[in-house]
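Protein chains in written order, with this note's numbering: chain A, 1236 to 1731; chain B, 1236 to 1731.
Every residue gets a Cβ at the ideal spot worked out from N, C-alpha and C, and that includes glycine.
Here the structure is a predicted model, which means the values were calculated and not measured.
What follows is one structure encoded as structure tokens, with my remarks underneath.
Protein chains: 2
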Amino acid sequence: MTTLANYRDHLAEMRKLNSAASLLGWDQQTHMPPKAAPHRAQVIGKLSRMVFELSISDQLGGFLADLRKDGGLSPLEKASVRKVGKDYDRNRAVPPEFVEQFQIAQSEAQAAWIAARKANDFASFQPHLEKIVEFARRLAEYYGYEDHPYDALLEDYEPGMTCKQLRAIIEPLKCDLVPFLRDLATHGTPPDKSVVHGSFDPDALRRLSRRALELIQYDFEAGALDDVAHPFTATIGPGDVRITNRYPTDSFMPSLLGALHEGGHALYNQGFPEELYMLGLAGGSSNGIHESQSRMIENQIGRSRAFWQFFQPVLAEHFPQYGSGSPEALYRAVNVVEPSLIRVEADEVTYNLHIMLRFEIEAGLIDGSIAVADLPALWNQAMSDYLGIVPPNDAQGVLQDVHWSMGYIGYFPSYMLGNLYAAQMLPKIRKALPTLDADIRRGDMKPLLGWLRENVHRHGATYQPNELIERITGHPLDPAHFVRYVKEKYSDIYGL
Amino acid sequence: MTTLANYRDHLAEMRKLNSAASLLGWDQQTHMPPKAAPHRAQVIGKLSRMVFELSISDQLGGFLADLRKDGGLSPLEKASVRKVGKDYDRNRAVPPEFVEQFQIAQSEAQAAWIAARKANDFASFQPHLEKIVEFARRLAEYYGYEDHPYDALLEDYEPGMTCKQLRAIIEPLKCDLVPFLRDLATHGTPPDKSVVHGSFDPDALRRLSRRALELIQYDFEAGALDDVAHPFTATIGPGDVRITNRYPTDSFMPSLLGALHEGGHALYNQGFPEELYMLGLAGGSSNGIHESQSRMIENQIGRSRAFWQFFQPVLAEHFPQYGSGSPEALYRAVNVVEPSLIRVEADEVTYNLHIMLRFEIEAGLIDGSIAVADLPALWNQAMSDYLGIVPPNDAQGVLQDVHWSMGYIGYFPSYMLGNLYAAQMLPKIRKALPTLDADIRRGDMKPLLGWLRENVHRHGATYQPNELIERITGHPLDPAHFVRYVKEKYSDIYGL
């Protein structure tokens, strides 16, 4: 067998074990009975370890060394060697004992975070977070970086992105968004949001989610919709990308927008050609690009006027009280802007502000300019500066997110970048599909999906996010698109 | 580490991979989307191969050789070495190329069987079945046997059982059942079975199954109930034993009795102590003993007068049309005896007759006294002799079961043995629990479960079936118990 064939076999082994681990993880959140938990943790641990061992094996190292010198590879094969090789180099750079100790620290920090948030007691979480930060700083040293240690961590979530670039994106964005938010609050006329509230049957909500997923062309023959406490999308393997959702009964909004959000992720993953799976390139270009797909379907489509012109009668089929309502009232109601304490519930205008404050804290923690002990005060100050509100306690403030306790430092920027990538793609889409709004108004999402498949999905992880956005739009990421998008949309809604 | 600790670690590896394979298999039948099928087959194949390789590894062989000489093992550890060692010896006795060729033949035979049954064309299946029989005969030679080659195959399903013993069980059973069946048909008054038919909402049927499972003390905290085309029970691991069911809408009977049947299997598997999982002894003593648990809950409990005295109001809660019916009418209706063409729909009296004819054919195929080409005629003759009816075609005759095409030869007797084991246990249970019927009448199944846990479940695969039945009842398997049970019950119902 050639090295390439051996390399592909090696990736196939990893893919199969990964697929089993993904199913075990999906099942853990959806169908697994509670008494199975201790055993399940062992099974997932075993499979994850096997995949990790394959990802750093000497055998793989040998294949990669040969293939890096091989001039006869196809572009896809080259991209595979680049991506798999990068993961190999990074994973080999970290001593196994460090990985184990970091994992123990993460487990302990998660337990401590749950208790601390419940008791509203940051002090009890502080030593754990200090440990996590210390591990993250050491990890950055193992990985290596040119400019800022945070760059080494960012690489896991947004390959190629740097702290410096992020600052260059965030500064102008902040300067536009913060005053715009104040304008909306002081001079705008807020829509009536009461129309989205009421009492909703969960089975009807589930059917509505299903209908919305069919509408966006999610392929149920290659997926499923299951109930879960915290929604996510699971890619089990080729032909198997599953969505999960939850159904709070006091509004149709969380479950509907949740379905569209996860649906956006799932469309991406359903769009990877089989060959990408074979080459370890099935996965998004980055977390940010992935988030661009979910945020686009959720917000730029799901909260658009055209969408509600089509969807109001669909909503009324499931909830007859909406039979007499106007699409416009629904459109306006789902687009209320309100500074809130909790990121995950934030609207399009305030969402990025939540992310900025977290990014600034993370970068400061990693370069040592911010101490963990100062976080509660810093958090509250930033909330006041950016959003004009101050959390009444740390549980709703600095303790609200699970990410840091899990050792995810460098993850938050992806959420913001997703919004920006999506806003930069949208004018290109409108240009390519001049009838986009008319299509949406009659419930035809096929043209949109066709564009996303062709320009984003089919490439999987072949291109880095900066390469991909340039390929699609002709220039690097520029937050001006997003600013234009929100100002136009919300000035109209708020009558500015 | 001691050899024992290493051995336990080895079993733990096997257990974890087996657990992943079980979940993949369960998911394949319940939730997996159709487009995932080709990839899923590869993933399950990979994990099964890994488990198999661990089960025949030289390392395990070394541990077993040491432990077989170790005088200090506990009784459970000894049972573990006996069982794991037997599987090791048998698997090592078969050349890997043979295993592969047999698997290919099975895949081909299954496809051929599906087509042949559809086209009612035994001739097209014949060469495949001839191949399967030839492989099965060679397998018996690899495994080795003392008396009859069929004994070597039986060992997979009913350890310790032999062809000779089976014949000694079947002969008297046949002599009692065949004339009794004729008596029922000619002198008995059949109950009115129309009461179990009608039109039933599948959601209500599902809730009824759930209610029935709660009643028999199935633990939903360590299990789940999912929809499926062909019901089965999946043991994913400790604390995770899942039931599946289907809901035909023309009668409440198939889904209710299906739930009780799978529930009986599941109670067994939920009753294995954690330590049995650690020692590779989590599993039934045999397929026959496993079937005794499912058939007991389905038939000896679920089709008993006491059960219907409790369950009629429960049925009426789900289907109000049963509010005015009598428990006695329901009891009688679910116990109609009718010779039928299809085994899986057979009642308590005729079921074993279906098995006998299959056993006689299988034993003859393996010792060469029967040729595959003669099966259709032999099948029809036996149906006529035992059940008094002749299939109108081979699709409903010799082609009805999937087992042979899958290479399962020696499996069918388990179904019959389950009925016999259960009937032999029941008098012991009644003696230990004199208020059994009264308990069931008020819906209290805890005493019964307590007895089964203590006498059957907690032992898992520690004892061979012949050891277990002797331990419980004081004597070897004797079909007289079953004959007494059906004659008493059905003479009463049919007014003989």
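Provide the residue(s) that pair with residue i in DSSP beta bridges, ordered along the chain.
| i | result |
| --- | --- |
| V1476 of chain A | A:T1470 |
| D1462 of chain B | B:N1480 |
| H1432 of chain A | A:S1486 |
By the criterion of Cβ-Cβ separation under 7 Å, what are the contact partners of residue i in chain A?
| i | result |
| --- | --- |
| F1333 of chain B | Those do not exist, as F1333 of chain B stays about 25 Å from chain A at its closest Cβ, beyond 7 Å. |
| F1467 of chain B | The contacting residues do not exist; F1467 of chain B stays about 16 Å from chain A at best. |
| L1456 of chain B | Looking at the sequence provided, one finds Glu at residue 1456 of chain B rather than Leu. Going along chain A in sequence order, the residues near E1456 of chain B (Cβ under 7 Å) are P1268, P1269 and K1270. |
| S1290 of chain B | In chain order: nothing, as chain A lies at least about 16 Å away. |
| L1282 of chain B | A1255 |
| L1258 of chain B | L1258, L1259 and D1262 |
| G1474 of chain B | P1268, K1270, A1271 and H1274 |
Can you tell me whether residue i is helix, strand or coil according to DSSP?
| i | result |
| --- | --- |
| H1266 of chain A | coil |
| L1364 of chain A | helix |
| H1692 of chain A | helix |
| K1304 of chain B | coil |
| F1554 of chain A | coil |
| Y1621 of chain B | helix |
| I1590 of chain B | helix |
| G1645 of chain B | coil |
| S1527 of chain B | helix |
| S1257 of chain B | helix |
| D1713 of chain B | coil |
| S1359 of chain A | helix |
| V1579 of chain A | helix |
| R1677 of chain A | coil |
| E1390 of chain B | coil |
| R1493 of chain B | According to the sequence provided, residue 1493 of chain B is Gly. The question's Arg does not apply to it. Helix, per DSSP. |
Can you name the residues of chain B whose CB is closer than 7 Å to the CB of residue i?
| i | result |
| --- | --- |
| I1471 of chain A | A1271 |
| P1356 of chain A | The sequence as given places Asp at residue 1356 of chain A; Pro does not occur at that position. Here the premise fails: no neighbours, minimum Cβ distance about 31 Å. |
| Q1277 of chain A | K1251 |
| K1722 of chain A | Under the 7 Å cutoff, chain B gives no residues; its nearest Cβ is about 42 Å from K1722 of chain A. |
For a quick check, are the C-beta atoms of residue i and residue j less than 9 Å apart?
| i | j | result |
| --- | --- | --- |
| E1580 of chain B | F1647 of chain B | no |
| I1577 of chain A | Q1616 of chain A | no |
| L1495 of chain B | V1721 of chain B | no |
| I1478 of chain A | L1460 of chain A | yes |
| H1274 of chain B | G1474 of chain A | yes |
| D1301 of chain A | T1238 of chain A | yes |
| W1348 of chain B | S1640 of chain B | yes |
| L1514 of chain A | L1668 of chain A | no |
| M1531 of chain A | L1661 of chain A | yes |
| T1585 of chain A | E1595 of chain A | no |
| N1738 of chain B | G1395 of chain B | Outside the displayed range of chain B (1236 to 1731) lies residue 1738 of chain B, so it cannot be described from this structure. |
| L1600 of chain A | Y1621 of chain A | no |
| Y1453 of chain B | A1375 of chain B | no |
| F1507 of chain B | H1245 of chain B | no |
| I1728 of chain A | R1593 of chain A | no |
| D1322 of chain B | S1290 of chain B | yes |
| H1265 of chain A | D1438 of chain A | For the record, residue 1265 of chain A in the displayed sequence is Thr; it is not His. Contact: no. |
| Q1361 of chain A | V1607 of chain A | yes |
| I1590 of chain A | I1704 of chain A | no |
| H1529 of chain B | E1497 of chain B | For clarity, residue 1529 of chain B is Ser in the given sequence; the question names His instead. Yes, Cβ-Cβ distance for S1529 of chain B and E1497 of chain B is below 9 Å. |
| L1299 of chain B | V1286 of chain B | no |
Chain A partners of residue i, CB-CB under 8 Å?
| i | result |
| --- | --- |
| G1515 of chain B | Result: empty, since nearest Cβ-Cβ is about 15 Å, beyond 8 Å. |
| P1508 of chain B | Chain A residues near P1508 of chain B: none, gap ~13 Å exceeds 8 Å. |
Report whether the distance from the Cβ of residue i to the nearest heavy atom of the ligand SAM is below 8 Å.
| i | result |
| --- | --- |
| I1577 of chain B | As presented, the structure is devoid of all ligands, the ligand SAM included, so that no description of it is given. |
Check the Cβ of residue i against every Cβ in chain B and list those closer than 8 Å, keeping chain order.
| i | result |
| --- | --- |
| G1523 of chain A | Near G1523 of chain A there are no residues of chain B at all, since even the closest Cβ is about 28 Å away, more than 8 Å. |
| A1439 of chain A | The contacting residues do not exist; A1439 of chain A stays about 14 Å from chain B at best. |
Name the chain A residues whose beta carbon is nearer than 9 Å to that of residue i?
| i | result |
| --- | --- |
| H1692 of chain B | Neighbours of H1692 of chain B on chain A: none; closest Cβ ~16 Å, over 9 Å. |
| G1695 of chain B | Under the 9 Å cutoff, chain A gives no residues; its nearest Cβ is about 16 Å from G1695 of chain B. |
Along chain B, in chain order, which residues have C-beta atoms closer than 9 Å to that of residue i?
| i | result |
| --- | --- |
| A1459 of chain A | H1266, M1267 and P1268 |
### Contiguous alpha helix (DSSP H) assignments of at least 4 residues, all confined to the region 1281–1347 of chain A
For the region 1281–1347 of chain A, whole alpha helix (DSSP H) runs of length 4 or above, ordered along the chain, are 1293–1303 and 1310–1327.
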